[in-house]
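Beneath this line is the structure, given in structure tokens, with notes to follow.
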Amino acid sequence: MASKSISRRSFLKSTGVIAKGSFIVLTTPALLAACQRAEENLSSNDATFKTLSNIEGKELRAIAARIIPTDETPGAEEAGVIYFIDAVLSDDREDEYARVRLALREIQTTSAVKFNAAYFSDLTAPQQDEVLTEMESTSFFATVRYLTIAGMFSLPEYGGNKDKIGYQLIGFNDAHAWAPPYGFYDADYADKGE
Amino acid sequence: MAQAPFSTREQVDFVVIGSGAAGGIMAKELSSAGFSVVVLEQGPHLKAGDFKHDEWGYDHNENLAWGARQGHPQTFRKSESDVAELSPRAALGYAHNVGGSSVHFSGNFWRLREIDFIEASVKGSIAGTNFVDWPITYADIEPYYTKVDWEVGVSGLQGPWDPPRSRQYPCPPMPIKSPGVLLERAAKQLGLNPYPAPVAILSQPHNGRPGCIHCGFCNGFGCEVNAKSSSMATMMPIALATGNCELRTGCTVHRIDTDEAGNASQVIYWDEDGVEHAQMARAVVLSANGAETPRLLLLSESAQHPDGLANSSGYVGKNLMFNGYSSVAGLFDEEVNGHKSIPATRVVHDFYELSGELGFYGGGGIDSRHLSRGTPMGFALGGSHFGGPKWGSEYKRNLEREFTHSAAFDGHTTSLPLASNNVSLDPDVADKWGRPALRCTYMDHPDDIATMKFFYDKSLELMEAAGAISTTGFYPQNGQDGNVHLLGTCRMGNDPESSVVNKFNRAHDVPNLFMVDGSSMVTSGRGQPTMTIMALAFRAADNIIQAANRGEL
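So the protein sequences, as listed, match chains C and G. For reference, each letter of the first sequence is one residue, going 115 to 308 in my numbering. For reference, each letter of the second sequence is one residue, going 11 to 563 in my numbering.
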């Protein structure tokens, strides 16, 4: 049947129709100042990343770490998801990069409105979760979620999924060949001679 | 006769446009019969060693299917009264490479049955649709289905509902997977008749190719060992070995010219560097798929053919059929590991024809699959699949369990042919060559949606009978916005006023032009059209060779 990637489709749909400007109206001078500070720092880059500025990298890294957190098992941080994001936005992807920057700005704006902080990465984990929960149904969240998960589960050659950590997490062994039995039910089927 | 390579100013016997499921067979058959053949293919000649388990490359970057990123935007609308909008992903999906979509398809290979060819006269016509019988019967095509089985390579076992076959499958069925066991046991409980899925994937070595190694990356991926029976792996090597066939990759055809007598005379195309060429030929075989074939005919308009080439009927591009679908997933106690091996190992075809008493036309089949194709990135993007958060620690826990413990039962169903579902030229959007983009207009007929719902409900019943702890599912109740089955857009028929090609795929209007691909199909079948596309190609080639040998070309 059709080989569909519904998640990607919703990613593109959601990010392709982003409204101009912020979805939160900025009203207070303190918030404006916080956002402006974040904005100024967005473009500085001391070559930690190929494309992202240092602060963009720091922010996206923090977001990715909440989407796939490090708990009893490794998460986006250990898989190097941020390096995937940096790498895939490097290669002639101005449009996608612009969407990511917009998403980042909106997440920072929400952080500012809720916690009066310039940076998402300055918040505590519970505060970060609160910001992301509030934005869960937006295209901005969809954009960063998509990239985080793609970085966790795509081939390591793209920069993420270091040591195939993502694959291990879900029990996927990237072997090139298998032989039956593959699972419990077909083993049982063979045992019973069905 | 001259040997390949040929000069463009030399009149070759055939130009074949497209090297996919049908084009590969045409190239192989015509060149093996001693004719000179030039194959023009838009994409590159990727081979087994080029393919990887690369979800990001194929799904996000569209390295095989190509889209707006590669300069091939498409537009979509549900109704002719809407303005079509740019599709986020090609609505009419197909691969740009030697072998076409037969390279990255899932390999499900159902034959059509006797009923498919005569269904309109058996069931009666349906108001507002172009539902008619085919000009051929199952008996006409059966020898060619068998030719596909053996020459291309199909694994399977004759099932209780299968139409008669003149020869058994060359390869035994693929080993059953856990989703197949779950479907088989559930179906038997419900008194149904599950059986092994026929697939164009080798279960054992055949024709010099190896058997499948069960890596699990079939649907959306190219086979890394040539066990999948694509045109690239099976037909093109034979065609090229004849010395009569020249394959030109990176070549995009934009026009078929006709001479004063109204015959196709040359094919105009751009090579990889954008240089325009004109290849002269005695006859032209258009196998560009159900989207690009009508587009090229429409682009080939002229004073002689003001509505597009071979379009006196007005049917070029019309009657587009996608096939419908439904998918139901279940979570199980024990390990399923559906990500290993091929997509489908069992089918249930008890609902091939739904009873008229239900109040709508339709039918289809159900097969056992893994959820989200079984590939990690796609699976994780869709999670949590059975309720629960879409991110965070609980999401991680859910993925851990769901990936290895879920199975899907997918429905594959009929689509009715409607004039209002079609492929046309977009008046506003252009591709990288400046040609009008493909515009798709499509809305499933209410009977098609009712059929999808029937299969969704039935799959849910089966999933519950299979013992799923939790279920989820989907069918496109508001209509599909794209598909990879591109059928019916140059339908075959005996009447030149209501069809584009005759029963041997020859254009009614242009005697030396043949349209051979999914566009010829009169009705949609129940999904899995590639087997029929290939059989029609073998049949068309047989007839073309006979006609040419009689001096009729």
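Every residue, glycine too, gets a C-beta built ideally from N, C-alpha and C.
*Just curious, the beta strand (DSSP E) that G/S97 is in, first and last residue?*
Neither: G/S97 is in no beta strand (DSSP E) and is coded neither H nor E.
*For the beta strand (DSSP E) that G/Y279 lies in, which residues bound it at each end?*
G/Y279: member of the beta strand (DSSP E) spanning A274 to W280, first to last residue.
*Roughly how many angstroms lie between the CA atoms of G/I186 and G/S365, to the nearest whole one?*
30 Å
*Under 8 Å from the C-beta of C/M249: neighbouring residues of chain G*: Ordered by position in chain G, no residue passes the 8 Å Cβ test against C/M249, which lies about 11 Å from the chain.
_Bounding residues of the alpha helix (DSSP H) (the contiguous stretch that carries G/A32)_ = That run of the alpha helix (DSSP H) goes A31 to S42.
*Partners in chain C for G/T414, counting only beta-carbon separations shorter than 7 Å*: Going along chain C in sequence order, the residues near G/T414 (Cβ under 7 Å) are G285.
*Which residues mark the beginning and the end of the alpha helix (DSSP H) in which G/R407 is found?*
S403 to H415
*For C/I138, which residues of its own chain have a beta-carbon under 6 Å away from its beta-carbon, when the five flanking residues on both sides are left out?*
In this prediction, C/I138 has a pLDDT of 45, which is less than 50 and means its spatial position is unreliable; what the coordinates show is noted afterwards. Counting only Cβ-Cβ distances below 6 Å, and skipping sequence neighbours, we find T223 and V227.
*Within 8 Å (strictly less), CB to CB, does C/L269 reach chain G?*
yes
*To the nearest angstrom, report how far apart G/Q538 and G/S530 are at their CA atoms.*
15 Å
*Report the residues of the region 389 to 405 of chain G with a CB closer than 8 Å to any CB of chain C, ordered along the chain.*
F389, A390, L391, G392, K400, W401, G402, S403 and Y405
*Take G/L200 as the anchor and find which of G/G166, G/F548 and G/G477 has the nearest alpha-carbon.*
G/G477
*Does G/N347 get closer than 8 Å to chain C when you measure Cβ to Cβ?*
yes
*G/N504, buried or exposed, once every other Cβ within 10 Å from all chains shown has been counted against 16*: exposed
*asked:* Please confirm whether G/L409 has its beta-carbon closer than 8 Å to some beta-carbon of chain C.
replied: yes
*asked:* Measuring alpha carbon to alpha carbon, tell me which residue in G/P316, G/H264 and G/Y371 is nearest G/A298.
replied: Checked all of G/P316, G/H264 and G/Y371; the closest Cα to G/A298 is G/H264.
_Inter-residue Cα distance where the pair is G/G528 and G/H495_ = 8 Å
*Since G/K3 meets chain C, which of its residues come closer than 7 Å, beta carbon to beta carbon?*
The structure shown does not extend to residue 3 of chain G, since chain G spans only 11 to 563, so no value can be given for it.
*Using a cut-off of 7 Å between C-beta atoms, extract the partners of C/Y281 located in chain G.*
Against chain G, the beta carbon of C/Y281 has neighbours under 7 Å at P386, listed in chain order.
*Looking at chain C, which residues of the region 169 to 200 of chain G have a Cβ within less than 9 Å of any of its Cβ atoms?*
The region 169 to 200 of chain G vs chain C, Cβ under 9 Å: P185, I186, K187, S188, P189, G190, V191, L192, E194 and R195.
*C/S200 CB to nearest chain G CB: under 8 Å?*
Checking the sequence, you will find Asp at residue 200 of chain C rather than Ser. It does not; no Cβ of chain G falls within 8 Å.
_G/V113 - DSSP class collapsed to helix/strand/coil_ = Reduced to three states, the DSSP call for G/V113 is coil.
*Nearest to C/D300 (by Cα), restricted to the options G/V510, G/Q13 and G/L192*: G/L192
_chain C contact residues for G/W280, given Cβ-Cβ distances below 9 Å_ = Residues of chain C passing the Cβ test: none, with the nearest at roughly 22 Å.
_Cutting at 6 Å between CB atoms, please list the residues of its own chain near G/C181, excluding the five before and the five after it._
S165, L212, S213, Q214 and H216
_Counting only Cβ pairs nearer than 8 Å, list the residues of chain C close to G/K62._
L269
*Please report how far the alpha carbon of G/K133 lies from the alpha carbon of G/W171, in whole angstroms.*
19 Å
*Is the beta carbon of G/S42 within less than 7 Å of some heavy atom of the ligand SAH?*
This structure simply doesn't include the ligand SAH, nor any ligand for that matter.
*What's the gap between the Cα of G/G109 and the Cα of G/G30?*
4 Å
*Just the Cα atoms here: how many angstroms apart are C/I196 and C/Y260?*
13 Å
*Which residue's Cα is closest to the Cα of G/D467: G/S336, G/C233 and G/S17?*
G/S336
*Just checking, does the region 424 to 431 of chain G make contact with the region 138 to 146 of chain G on the three C-beta pairs under 8 Å criterion?*
Touching, per the Cβ criterion.
*Quick one: measure Cβ to Cβ for C/F267 and C/I221, integer angstroms, because I've assumed they're closer than 8 Å.*
Wrong, their Cβ atoms sit about 22 Å apart, outside the cutoff.
_So, for C/G273: in the same chain, excluding its five sequence neighbours on each side, which residues have a beta-carbon less than 6 Å away from its beta-carbon?_
Excluding positions up to five away in sequence, the list reads Y197, F198 and A201.
*Nearest to C/R219 by CA position, among C/L237, C/R207, C/F229 and C/Y233, is which residue?*
C/Y233
*Give me the Cα-Cα distance between G/I479 and G/N254, rounded to the nearest whole angstrom.*
When the Cα atoms are used, G/I479 and G/N254 turn out to be separated by approximately 59 Å.
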